[in-house]
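Asker: Let me begin by handing over the structure; questions about it come next.
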Amino acid sequence: MSHYLIDPRDPLVLRDGRASDTEMRTLPFPWPSTTTGCLRTLTGTSAKGRFELSTAEALRIPVAGPLLADEQGNLLPPSPADCLWNRPDDAPAGDETQVERRRLAPLDALPAGAAYGADGLNDLKLLAPTDNGGEMPKAKAASAPAFWRWSDFARWLQSRPTAMERCERSAFLAPLPVERRIHVKIDAETQTAEDGMLFSTQAVVFAHGKERFQLAVRCPDERLARKVPDNGVAVHVGGKRRLSFLRPATARWPDFGTVFPNGLEVGAGRIARIILLTPGLFEAGWRPSDAQLGGQLIAAAVGRPQVISGWGIVEKDPDDRSRGQFGPKAIRRMAPAGSVYWVRLPDGVDPNAWARARWFQGVCDTEQDRLDGFGLCVVGVE
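Below is the structure:
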């Protein structure tokens, strides 16, 4: 047993390390560090409530995810960054029920009269829709959905750039709702509210109307499997000790052979895509190393960086002061989930072996970031 579902009973408070004043903001979706910490805590906690693993042992527990899932456990991956969204020209004013989507792809050559230059980016190709001669559409931009259904996402991985598609917005998922609560400070002596001492908190609700959602995670550690009965176990996720239930998933994540029954076709150019399902941490910021990509990076579609920090609670090693961290962690920038990288595979590399080695695996530069669940990815055709 290695696949689990976290069912949040309460709205989750997901902080990002920023200081709060009168408003405690939340992230729109948990980062891998949140769910990884939850599973490692459960794994190492004894029946008496004591954490019995060493820091090194806990950090070696591999966790993948989280990914959004519906009530049946079907994955709902993040919206890929190589999809361009527009409003139809013939849509009535205020009507957002339909949207147009186009695939972005690397340009083999720049349009006539075009040129560009940027430090460190001259080795990469520009991206443009393939259905408009390399030009951006003149239609108004539409906001991208937050999540896709897996069936549609799998087709996106399998298909090469085609003409524009018109879609119903209801086929995709908007960002999860955020609940806001107003609180008041209570005087410890009088047990009454203090004048003017109001503050608010935010929390993510894992539901859209009648449809509820869960978090899908993967952890092959047998110690965790022994602690999670078939009917689940209560856990705390995120801040404020919000209650959730962790239970075994009845279905495994889609395997490579199901999505690509005939294998990955890379064509004469030997180009494939890597799409991040969780945020990626890389030594070069937004850019993975060619060693982890398994080929040469030729283009990328990466959204605005996300910033992660936190508070370390590991005491310094008296014999090695460089090990351990107690206090504020260094600020790091992440490539957001949904980022897309186009990779040219070296001659002689089997595309299917390359793809299977990265299917639902991490591509972060450091092993610890991969063990923590960052940089989880899938692959697709060019």
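Going by the numbering used here, the sequence shown opens with residue 636, and the numbers climb by one from there.
Quick reminder that beta carbons are idealized off the backbone N, C-alpha and C, glycines included.
Using DSSP with H/G/I as helix, E/B as strand and the rest coil, what is N721?
Answerer: Start at 1 with the first residue of the sequence shown, and residue 721 comes out as number 86. In this structure, N721 counts as strand in the three-state DSSP scheme.
Asker: Can you find at least 3 beta carbon pairs, one from the region 650-663 and one from the region 889-905, that sit closer than 8 Å?
Answerer: Because the criterion of three Cβ pairs below 8 Å is not met, the region 650-663 and the region 889-905 do not touch.
Asker: Looking at the strands, I want to know which residues DSSP matches up with T825.
Answerer: The residue labelled residue 825 in the question sits at position 190 within the sequence shown. In the DSSP output, where bridge partners are listed per residue, T825 has none listed.
Asker: For T671, name the three-state secondary structure that DSSP assigns.
Answerer: For this step, residue 671 is matched to residue 36 along the sequence shown. Three-state DSSP puts T671 in a helix.
Asker: Are the region 903-912 and the region 940-948 in contact at 8 Å, needing three or more beta carbon pairs?
Answerer: Contact between the region 903-912 and the region 940-948 is absent, because fewer than three Cβ pairs lie under 8 Å.
Asker: Assign R644 to one of three DSSP states: helix, strand, or coil.
Answerer: Here residue 644 refers to the residue found at position 9 of the sequence shown. In the structure shown, R644 sits in coil (DSSP, three-state: anything other than H, G, I, E or B).
Asker: What span of residues does the alpha helix (DSSP H) with F1022 cover, start to end?
Answerer: Only positions 636 to 1017 of the chain appear in the structure, and residue 1022 is not among them; the question remains open.
Asker: For the beta strand (DSSP E) holding V734, just list the boundary residues, first then last.
Answerer: Taking the sequence shown and counting its residues from 1, the one referred to as residue 734 is at position 99. First-last of the beta strand (DSSP E) with V734: Q733 to P741.
Asker: Give me the Cα-Cα distance between D955 and A823, rounded to the nearest whole angstrom.
Answerer: For the purposes of this step, residue 955 is taken as the residue at position 320 of the sequence shown. For the purposes of this step, residue 823 is taken as the residue at position 188 of the sequence shown. Below a pLDDT of 50, predicted positions are generally treated as unreliable, and D955, at 49, falls in that range; the measurement from the model is reported next regardless. When rounded, the distance between both Cα atoms is 44 Å.
Asker: Counting pairs of Cβ atoms below 8 Å between the region 676-685 and the region 965-973, do you hit three or more?
Answerer: No: the two stretches stay apart, fewer than three of their Cβ pairs being nearer than 8 Å.
Asker: Would you mind sorting S879 into buried or exposed? The rule is 16 or more other CB atoms within 10 Å of its CB.
Answerer: Here residue 879 refers to the residue found at position 244 when the sequence shown is read from its first residue. Buried is the call here.
Asker: Tell whether a beta-carbon distance below 8 Å holds between L759 and L739.
Answerer: As a first step, residue 759 is located in the sequence shown; it is residue number 124 there, counting from the start. As a first step, residue 739 is located in the sequence shown; it is residue number 104 there, counting from the start. Not a contact, by the Cβ cut-off of 8 Å.
Asker: Pick helix, strand or coil for Q793, following the three-state DSSP scheme.
Answerer: Residue 793 sits at position 158 when you count from the first residue of the sequence shown. Three-state result, Q793: helix.
Asker: Out of V698, K775 and N987, point me to the one whose CA is closest to P727's CA.
Answerer: Residue numbering aside, residue 727 sits at position 92 when the sequence shown is read from its first letter. Out of V698, K775 and N987, K775 has the C-alpha closest to the C-alpha of P727.
Asker: Any idea what DSSP makes of E687, helix, strand or coil?
Answerer: Walking along the sequence shown from the start, residue 687 turns up at place 52. Coil, per DSSP.
Asker: Look up R853 in the DSSP assignment and say whether it is helix, strand or coil.
Answerer: Residue 853 sits at position 218 when you count from the first residue of the sequence shown. If DSSP states are grouped into helix, strand and coil, R853 belongs with the strands.
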